[in-house]
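Working notes, structure below.
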Amino acid sequence: MHSVLRDHLWHNCLCYLDDVIVYATSQQELLERLHTILSCLHNVGLKVKPSKCSLFKERISFLGHMVLAAGIDPQEEKIQSIQD
0 MHSVLRDHLW HNCLCYLDDV IVYATSQQEL LERLHTILSC LHNVGLKVKP
50 SKCSLFKERI SFLGHMVLAA GIDPQEEKIQ SIQD
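Here the sequence shown is numbered in numbering that gives the first Met the number 0, starting from 0 and rising by one per residue.
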């Protein structure tokens, strides 16, 4: 996945093993980025499983972080654990 999406990581999407999160600040930008990422996957013969897709979420928990339109933050539970 990293080699397929290497040109788009961190400014269009996050990737870990077979998980891909595409994020944007507007719906139009998200649709454009989804098209780009899905095209990259299609070009190398990869497919997504619709039943595992979540679209247009405002926040997603991913590997100890919260992915939001405004950016990526650590999860509150992780911060609280460190503070405690």
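Quick reminder that beta carbons are idealized off the backbone N, C-alpha and C, glycines included.
Cβ-based neighbour list, residue i, same chain, cut-off 8 Å, excluding 5 preceding and 5 following
i	result
Thr35	His7, Asn11
Ser53	Ile59
Closest residue to residue i among the options (Cα-Cα distance)
i	options	result
Thr24	Leu33, Pro49, Leu45	Leu33
Met0	Leu40, Glu31, Leu30, Gln26	Leu40
Glu57	Ile71, Glu31, Gln82, Ser80	Ile71
Leu45	Asp18, Glu76, Gln82	Asp18
Presumed contact (8 Å Cβ cut-off) between residue i and residue j, rounded CB distance
i	j	result
Leu13	Phe61	7 Å
Cβ neighbour criterion (16 or more within 10 Å) applied to residue i
i	result
Val47	exposed
Leu4	buried
Tyr15	exposed
Residue range of the alpha helix (DSSP H) that includes residue i
i	result
His34	26 to 42
Contacts around residue i, its chain only, beta-carbon distance under 6 Å, and the 5 residues preceding and following it disregarded
i	result
Gln74	Gly63, Met65
Val43	Val3
Val21	Cys12, Arg32, Leu33, Ile36
Start and end residues, beta strand (DSSP E) containing residue i
i	result
Val21	18 to 21
Ser60	58 to 61
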